[in-house]
Amino acid sequence: MRAAWFESFGTAEAVLRVGELEQPTVEAQQVLVRLYASGINPSDVKKRAGSFPNLLDEGLVIPNSDGAGIIEAVGEGVSQDRVGERVWVYQAQYARRFGTAAEYVAVDDSRAPRLADNVS
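Counting in the numbering used here, the sequence shown runs from 89 upward without gaps.
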């Protein structure tokens, strides 16, 4: 999948890379969302700048916590009826390394509420 990531702290221009990474796999109680939008919050900028020094301890980081897309797969314990739902994703990068600056993200089912039909 196409994604943006960083492996060191600094400005976006200095540390962000764009390329191909492995698509995430969906685990129990998760949904796999194909993202069509990714939002950048002040907290995302602070993380990239180094406000959380242990963030890179386990490897690269796909930034951004918020986004929107369509559920393409569900893990065990999540209704198959959710496949095809338009959703808003929040806290995708909370307490983990992989956020919404990618084509796909796997998140807890509770962090992908349905997006109303009248919202674009």
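Quick reminder that beta carbons are idealized off the backbone N, C-alpha and C, glycines included.
According to DSSP, residue i sits in a beta bridge with which residue or residues?
i	result
Ala161	Leu120
Arg90	Glu108
Ala100	Bridge partners of Ala100: none, in fact.
Gly127	Asp154
Pick helix, strand or coil for residue i, following the three-state DSSP scheme.
i	result
Asp66	Residue coverage of the chain in this structure runs from 89 to 208, which leaves residue 66 outside it and unanswerable.
Ala204	coil
Asp154	strand
Glu108	strand
Val133	helix
Arg174	strand
Counting C-beta neighbours from all protein chains within 10 Å, is the total for residue i 16 or more, i.e. buried, or is it exposed?
i	result
Val207	exposed
Tyr182	exposed
Asn142	exposed
Ala204	exposed
So residue i and residue j are supposed to be a Cβ contact under 8 Å. How far apart are they, rounded?
i	j	result
Ile158	Glu173	7 Å
Gly155	Ala194	At roughly 12 Å, the Cβ-Cβ gap does not stay under 8 Å, so Gly155 and Ala194 are not in contact.
Ala116	Leu104	With 8 Å as the limit, Ala116 and Leu104 do not qualify as a contact, their Cβ atoms being about 32 Å apart.
CA-CA distance, residue i and residue j?
i	j	result
Ser167	Leu120	13 Å
Ala190	Gly165	25 Å
Asp169	Ala102	42 Å
Arg202	Ala100	31 Å
Asp132	Gly138	10 Å
Val175	Arg199	9 Å
Pro151	Val171	25 Å
Arg185	Leu148	7 Å
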